[in-house]
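**Student:** Have a look at this one before I ask anything.
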Amino acid sequence: MVVPATQNGHALALPQTKSYARIPQVLDVPNLIQSQLQSYEWFRNDALREVYEEISPIADYTSKKYELHFAEHYFRTPKYSPQACKEREITFSQPLYVRTRLVMKETGEIKEQ
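In my numbering, the protein residues as written are 1 to 113.
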């Protein structure tokens, strides 16, 4: 037998409870990773280029015979796909290559690689 709660002979009002177990309308979830993907693409395409431009050319300060210039960078195809890396529990990596130009000031010779 349930006895209603009372205080000084008066019935107490029970607090009304709300159930959030069922929501009538589910909101669409935004693409939360989109800003991270955009940031990564900016890093790959623009940030690396800006760094190379900032430090290029690197001069030989001791004998002043050489200068190293950074031309462009590119990424080659990764050895494993992101899914394969997850399955193998290894880090996803992709080789980065930079085209460089070595200038030999004494002879005027330029080597590109």
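A virtual CB, placed ideally from N, CA and C, is assigned to each residue, including glycine.
Quick check: the region 68 to 85 against the region 96 to 106, are there 3 or more CB pairs under 8 angstroms?
**Tutor:** Segments in contact, yes.
**Student:** Starting from isoleucine 58, follow its DSSP beta bridges and name the residues at the other end.
**Tutor:** For isoleucine 58, which the question treats as bridged, DSSP gives the partners Leu68.
**Student:** Between which residues of its own chain and proline 82 is the CB-CB distance below 7 angstroms, once the five residues before and five after are set aside?
**Tutor:** Same-chain partners within the cutoff: Phe92.
**Student:** Can you tell me the Cα-Cα spacing of tryptophan 42 and serine 63, whole angstroms?
**Tutor:** Cα-Cα distance, rounded: 37 angstroms.
**Student:** Sorted by chain position, which residues of the same chain lie with C-beta nearer than 6 angstroms to tyrosine 52's C-beta, five sequence neighbours on each side aside?
**Tutor:** Only Phe70 meet the Cβ criterion.
**Student:** By DSSP's criteria, phenylalanine 43 is part of a beta bridge. Which residues make up the other side?
**Tutor:** Answer is none; phenylalanine 43 lacks a bridge partner.
**Student:** Measure the C-alpha to C-alpha separation of isoleucine 33 and serine 39 and round it to an integer number of angstroms.
**Tutor:** Taking the straight line joining both Cα atoms gives about 10 angstroms.
**Student:** Determine the direct distance from the alpha carbon of serine 19 to that of leucine 12, and round the result to whole angstroms.
**Tutor:** Their Cα atoms are separated by approximately 22 angstroms.
**Student:** Is the CB-CB distance between glutamate 106 and lysine 65 below 7 angstroms?
**Tutor:** Closer than 7 angstroms, so yes.
**Student:** How is the alpha helix (DSSP H) around arginine 99 delimited, first residue to last?
**Tutor:** From DSSP, arginine 99 is part of no alpha helix (DSSP H) but of the beta strand (DSSP E) over 96 to 104.
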